[in-house]
Amino acid sequence: MIAFFEKLTKRKTEAARQGQTAWQALVIAVADDKATDPDVTLAELDRLNKTPQDLEAAVDLLAKRRELARQVAGGAKAEADFAKINAAINAELATFTEASERHYATMRPLIQTKELAVTSIEAAYFAKRQLTDSATDPILLLAVRDADAAMAELRREKTDHDSRLKVKSDALYQYRTWPERFADAETSIERLQGEVAAMEIESLAFDTRAEQLNTESEQARQRLESPEAI
0 MIAFFEKLTK
10 RKTEAARQGQ
20 TAWQALVIAV
30 ADDKATDPDV
40 TLAELDRLNK
50 TPQDLEAAVD
60 LLAKRRELAR
70 QVAGGAKAEA
80 DFAKINAAIN
90 AELATFTEAS
100 ERHYATMRPL
110 IQTKELAVTS
120 IEAAYFAKRQ
130 LTDSATDPIL
140 LLAVRDADAA
150 MAELRREKTD
160 HDSRLKVKSD
170 ALYQYRTWPE
180 RFADAETSIE
190 RLQGEVAAME
200 IESLAFDTRA
210 EQLNTESEQA
220 RQRLESPEAI
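Printed below as a string of structure tokens:
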């Protein structure tokens with residue numbers, strides 16, 4: 000019985016994903032002027048339980064997100080230009096003893112270009128945020144929420160683990176520093192050494208898992224930045 004419901008849930012998820020893929024394909028086709036038959040389009044809308052108004056809104060959203068993506072791409076080039084321009088400015092500053100007129104003539108266009116690059120980088124940053132905030136793909140949004148939830152849970156577990164490790168480390172320090180105060184110092188030191196060593200290994204596992212979750216979260220967010228994440 001459990002296997003049946005697992006298969007049922009899997010089929011439902013696959014159907015939702017296929018429906019979302021078909022919807023995205025339809026929106027892209029209309030946006031790219033590749034949908035030429037209204038009857039075929041209406042039939043596809045009926046199959047997907049969508050309306051012409053839904054389609055129009057999605058096409059508008061895709062156009063906006065494509066423009067945002069173009070701005071993000073422009074920002075990447077601007078960042079490269081920004082680094083080169085900064086290097087050129089620093090080189091000019093190193094030879095500041097040259098004639099001020101020549102120095103000013105060289106610096107002015109570089110500074111102007113740098114200001115344009117800064118403006119483009121800032122626009123790209125906000126465009127990237129808007130791409131993420133305006134994404135409507137339910138599968139990707141769920142992936143981001145799941146990754147964030149997993150990271151939050153891992154942080155809670157790590158905080159609890161670190162607290163317990165500190166308690167044991169402090170106890171081990173006391174046993175080592177004042178063994179004469181404890182009748183069971185020798186056996187307690189050996190036990191605590193093993194527990195602390197094991198927990199330190201667990202700390203490394205937490206760090207490895209955190210890196211994995213960070214990678215998964217970043218990958219999910221990057222997919223949200225795609226214009227087609229609608």
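Take the sequence shown: its letters are residues 0 to 229, numbered as in numbering that gives the first Met the number 0.
Idealized CB from N, CA, C, for every residue including glycine.
Can you find the residues in the same chain that come closer than 6 angstroms, C-beta to C-beta, to residue i, ignoring five residues on each side of it along the sequence?
{"i": "A142", "result": "A219"}
{"i": "A25", "result": "As written in the sequence, residue 25 is Leu, which differs from the Ala given in the question. For L25, where only same-chain residues beyond five positions count, the Cβ hits under 6 angstroms are E43."}
{"i": "T112", "result": "I84"}
{"i": "A228", "result": "A134, D136, L139"}
In chain order, what residues of the same chain lie with their CB nearer than 7 angstroms to the CB of residue i, ignoring the 5 residues before and after it?
{"i": "A149", "result": "L212"}
{"i": "K33", "result": "none"}
{"i": "G18", "result": "L47"}
Rounded to the nearest angstrom, what separates residue i and residue j at their Cα positions?
{"i": "L130", "j": "E215", "result": "18 angstroms"}
{"i": "P51", "j": "E156", "result": "49 angstroms"}
{"i": "E179", "j": "Q221", "result": "59 angstroms"}
{"i": "E100", "j": "R107", "result": "11 angstroms"}
{"i": "D169", "j": "I200", "result": "18 angstroms"}
{"i": "D31", "j": "D132", "result": "24 angstroms"}
{"i": "Q70", "j": "R64", "result": "10 angstroms"}
{"i": "D38", "j": "P226", "result": "27 angstroms"}
For residue i, collect the residues of the same chain with a Cβ closer than 8 angstroms to its Cβ; drop the 5 residues on either side in sequence, then sort them by chain order.
{"i": "K167", "result": "L191, E194, V195, M198"}
{"i": "F81", "result": "K113, A116, V117, I120"}
{"i": "R16", "result": "I138"}
{"i": "E91", "result": "H102, T105, M106, L109"}
If residue i sits next to residue j, beta carbons under 8 angstroms apart, how far is it from one beta carbon to the other, in whole angstroms?
{"i": "I188", "j": "R175", "result": "6 angstroms"}
{"i": "L61", "j": "I110", "result": "Between I110 and L61 the Cβ distance is about 38 angstroms, and since that is not below 8 angstroms, they are no contact."}
{"i": "A21", "j": "L47", "result": "6 angstroms"}
{"i": "K127", "j": "E217", "result": "Contact doesn't hold; Cβ gap of about 13 angstroms is too wide."}
{"i": "L153", "j": "S202", "result": "So it is not a contact: roughly 12 angstroms between Cβ atoms."}
Practice task
Pair every Cβ in the region 112-130 with every Cβ in the region 71-88, then say whether three or more of these pairs are closer than 8 angstroms.
Solution key: Segment contact: the region 112-130 against the region 71-88, three or more CB-CB distances shorter than 8 angstroms; contact assigned.
Problem - At least three beta-carbon pairs within less than 8 angstroms, the region 51-67 to the region 77-87 - result: no
Exercise for the section: Kindly provide the ranges of any alpha helix (DSSP H) runs that are 4 or more residues long and lie completely inside the region 20-104, ordered along the chain. Expected result: 37-46, 51-93
Handout entry: Any beta strand (DSSP E) of 3 or more consecutive residues that is wholly inside the region 118-158
Key = none
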